[in-house]
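Quick note, the sequences are listed as chains U and B, same order.
The opening position of the first sequence corresponds to residue 3 in the working numbering, with each subsequent residue numbered one higher.
The opening position of the second sequence corresponds to residue 3 in the working numbering, with each subsequent residue numbered one higher.
We put the beta carbon where it would ideally sit given N, CA and C, even for glycine.
Take a look at the structure set out below.
2 protein chains.
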Amino acid sequence: MKSFISLDWGTTSFRAYEVGADGAIKNQTTAADGITAVKDGAFEQTFENHIGAWDKSLPIVASGMITSRQGWVECAYAECPADAAELAQKITHLNTATGRIVHFITGLHYKSPSIQHDVLRGEETQVFGALATGATHFVTPGTHSKWIETKDKRIESFATYMTGESFALYSKHSILGRLMQGEAHDEAAFTRGVKQSFADPAGILHSLFSTRSLGLFNALPATALYSYLSGLLIGQEIAHATRAHDHDAPYMVLGSAGIAASYISAMKLAGLNVKLGNPLCGIEGQRIIAHQAGII
Amino acid sequence: MKSFISLDWGTTSFRAYEVGADGAIKNQTTAADGITAVKDGAFEQTFENHIGAWDKSLPIVASGMITSRQGWVECAYAECPADAAELAQKITHLNTATGRIVHFITGLHYKSPSIQHDVLRGEETQVFGALATGATHFVTPGTHSKWIETKDKRIESFATYMTGESFALYSKHSILGRLMQGEAHDEAAFTRGVKQSFADPAGILHSLFSTRSLGLFNALPATALYSYLSGLLIGQEIAHATRAHDHDAPYMVLGSAGIAASYISAMKLAGLNVKLGNPLCGIEGQRIIAHQAGII
Chain U
3 MKSFISLDWG
13 TTSFRAYEVG
23 ADGAIKNQTT
33 AADGITAVKD
43 GAFEQTFENH
53 IGAWDKSLPI
63 VASGMITSRQ
73 GWVECAYAEC
83 PADAAELAQK
93 ITHLNTATGR
103 IVHFITGLHY
113 KSPSIQHDVL
123 RGEETQVFGA
133 LATGATHFVT
143 PGTHSKWIET
153 KDKRIESFAT
163 YMTGESFALY
173 SKHSILGRLM
183 QGEAHDEAAF
193 TRGVKQSFAD
203 PAGILHSLFS
213 TRSLGLFNAL
223 PATALYSYLS
233 GLLIGQEIAH
243 ATRAHDHDAP
253 YMVLGSAGIA
263 ASYISAMKLA
273 GLNVKLGNPL
283 CGIEGQRIIA
293 HQAGII
Chain B
3 MKSFISLDWG
13 TTSFRAYEVG
23 ADGAIKNQTT
33 AADGITAVKD
43 GAFEQTFENH
53 IGAWDKSLPI
63 VASGMITSRQ
73 GWVECAYAEC
83 PADAAELAQK
93 ITHLNTATGR
103 IVHFITGLHY
113 KSPSIQHDVL
123 RGEETQVFGA
133 LATGATHFVT
143 PGTHSKWIET
153 KDKRIESFAT
163 YMTGESFALY
173 SKHSILGRLM
183 QGEAHDEAAF
193 TRGVKQSFAD
203 PAGILHSLFS
213 TRSLGLFNAL
223 PATALYSYLS
233 GLLIGQEIAH
243 ATRAHDHDAP
253 YMVLGSAGIA
263 ASYISAMKLA
273 GLNVKLGNPL
283 CGIEGQRIIA
293 HQAGII
């Protein structure tokens, strides 16, 4: 394989990595210029502002929300089931005014039996970068977390959960935030929330209120309420996402350290066989897909 | 019974009614001065600003969030089960500087088997004002809706659902609001949301995302998404609130016209025996409790 520039340009952040022929990261830059912060479609200019000094001959491989309608180039979804080869075939190529070539890996659409249409962008590439670990079931925690199931190196199905966004809404904008003191992780309170949701997964609109009532009656200290709420929501997600699935399957969590640790803790409480994946597996996924496309 | 002034002073609104000896409303005033808008505990002054011209010899009967820690006088909760006589015994009396007497009816605490502590303030008085209808199971839709079960004229148990607040959060502050056009009620979309939640009540964090994905794929028009989201949340609440209850029990919805109609529509889809109650039953409840206390 050859060197390339890996671009992970999401809704709220910009991340670029210069990746050597051996897969090692030689250079990287991160900025808060998520795609929603880019005005008037000035993606190329924003991009050059951050990595203008990097080698212009290197191919750029991009995935994630940058391929959405709000992104640089909107790429039509590929359909589940899909393997890395299919994503390689569907790459969209763009020549920039500065003489670079950007290769966009599109996301996936799934004809979901539960909600008819489900979509993701970026997580497919992470999964293809993590398949070599032997895991088959993946969770990508985040604003909208995704539960992705693979079989024979193909992504068969997935489901979106609005857990991260819900947590932000309830902790910052609802009455539940008023009694909270601080955001320090409290494992006991987190576990209590997880178990509450495991015991009654359909009761979340009711259980959420306990974040207030337990605080009002000093059954939980104010400093524990943030973690308790997190446990309620993550526990509810896990209970539902694993309801009809093989509990012995090799699960892997792909996410940054703090939130991934919470998911792993809760998934172990559910008796799942789960490991922490490499948070940079998206780069490896881009490398595999771009290689199959003959780009690197 | 004698005449009195009924005070319904909640978090976001102030309502007062002059009620005749026969129970008829002779005078009323409504303002946006909810208790959170009252600065430095100036409840009496705010109160006189609105009803200063009303007869000072009339007893005032108050219930709702005005008896909470954030209200005029904090009243300790009564414990479930409780009847009107017990609330009458627990009334807190206050003499104002202007020579009025305010009688505060406190709220209820319930040692909930599901969330340990549950509370309400104001809805207990509505229920006691509606018991003569023969209904035994009551729903009070709102920011936090309450499902209240009675037996032999006592409130036995209740459960809070954060449905209204969740709807406001998701429709106004989440990604789900971005595709929405307008807030007009669309009964078909509402029903679709209700049925989605009835079919998979534990899947709400997942189903919520369909408000976006169905819009993205034009499976629902943008004008229908607001009602669809409402159906998802209300359906989820109803599915859980009635999970272990008698579906043939006489249910009654106590709420203002629009939201009550949505609840009744969804509860009928669930096969429940439900009727619309009088939205002013809180006044009748105050009248009954104050009469038992010998105040009127």
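Starting from residue i, follow its DSSP beta bridges and name the residues at the other end.
i: K28/U; result: According to DSSP, which records beta bridges pairwise, K28/U is partnered with nothing at all.
i: R102/B; result: R102/B is not bridged to any residue.
i: S215/U; result: According to DSSP, S215/U bridges with nothing at all.
i: F140/U; result: I150/U, M254/U
i: A190/B; result: Answer is none; A190/B lacks a bridge partner.
i: V63/B; result: S8/B, H105/B
i: A80/B; result: L110/B
i: A33/U; result: F16/U
Please report how far the alpha carbon of residue i lies from the alpha carbon of residue j, in whole angstroms.
i: G237/U; j: L234/B; result: 20 Å
i: D120/U; j: F219/B; result: 10 Å
i: R289/B; j: D202/U; result: 39 Å
i: H146/B; j: V63/U; result: 48 Å
i: F211/U; j: G36/B; result: 21 Å
i: Q30/U; j: H187/B; result: 50 Å
i: K304/B; j: S5/B; result: Residue coverage of chain B in this structure runs from 3 to 298, which leaves residue 304/B outside it and unanswerable.
i: Y265/U; j: S258/U; result: 11 Å
i: G184/B; j: Y228/B; result: 7 Å
i: A204/U; j: T244/B; result: 11 Å
i: V104/U; j: A191/B; result: 41 Å
i: A161/B; j: N51/B; result: 36 Å
i: K92/B; j: W11/B; result: 19 Å
i: R180/B; j: E126/U; result: 25 Å
i: H249/U; j: T138/U; result: 12 Å
i: G25/U; j: A18/U; result: 14 Å
i: T142/B; j: T48/B; result: 27 Å
i: F200/U; j: A246/U; result: 14 Å
Which class does residue i belong to by DSSP, given the choice of helix, strand or coil?
i: S264/B; result: helix
i: H293/U; result: helix
i: I298/U; result: coil
i: A243/B; result: helix
i: K4/B; result: coil
i: N51/U; result: helix
i: H351/U; result: Coverage of chain U is limited to positions 3 through 298, which leaves residue 351/U absent and any answer about it impossible.
i: L282/B; result: coil
i: A221/B; result: coil
i: A272/B; result: coil
i: G184/B; result: coil
i: H175/U; result: helix
i: K197/U; result: helix
i: T145/U; result: coil
Does the beta-carbon distance from residue i to residue j come in below 7 Å?
i: K58/B; j: G101/B; result: yes
i: I272/B; j: I240/B; result: A small fix is needed here, since residue 272/B is Ala in this sequence, not Ile. For A272/B and I240/B, yes; Cβs fall inside 7 Å.
i: L96/U; j: V75/U; result: yes
i: P252/B; j: G136/B; result: yes
i: C82/U; j: Y112/U; result: yes
i: G131/U; j: C283/U; result: yes
i: G66/B; j: G124/B; result: yes
i: T213/B; j: L178/B; result: yes
i: A87/U; j: T108/U; result: no
i: L216/B; j: L222/B; result: yes
i: G287/B; j: L256/B; result: no
i: T69/U; j: F16/U; result: no
i: S232/U; j: F169/U; result: yes
i: L171/B; j: H242/U; result: no
i: G195/B; j: Y230/B; result: yes
i: I291/U; j: L9/U; result: no
I'd like the span of the beta strand (DSSP E) that includes residue i, first residue to last.
i: Y253/U; result: 252-255
i: Y163/U; result: 156-163
i: H95/B; result: 94-97
i: R71/B; result: Careful: R71/B lies outside any beta strand (DSSP E) and carries neither H nor E.
i: Y112/U; result: 110-114
Under DSSP, the alpha helix (DSSP H) around residue i begins and ends at which residues?
i: A86/B; result: 86-91
i: V121/B; result: No alpha helix (DSSP H) contains V121/B, which is instead part of the beta strand (DSSP E) from 118-122.
i: E20/U; result: It is not in any alpha helix (DSSP H) - E20/U instead sits in the beta strand (DSSP E) that spans 16-21.
i: L278/U; result: Segment 275-278 is the beta strand (DSSP E) holding L278/U; no alpha helix (DSSP H) there.
i: V40/U; result: Note, V40/U: premise wrong, no alpha helix (DSSP H); not H, not E.
i: T304/B; result: Since the first residue shown for chain B is 3 and the last is 298, residue 304/B is missing from the structure and cannot be characterised.
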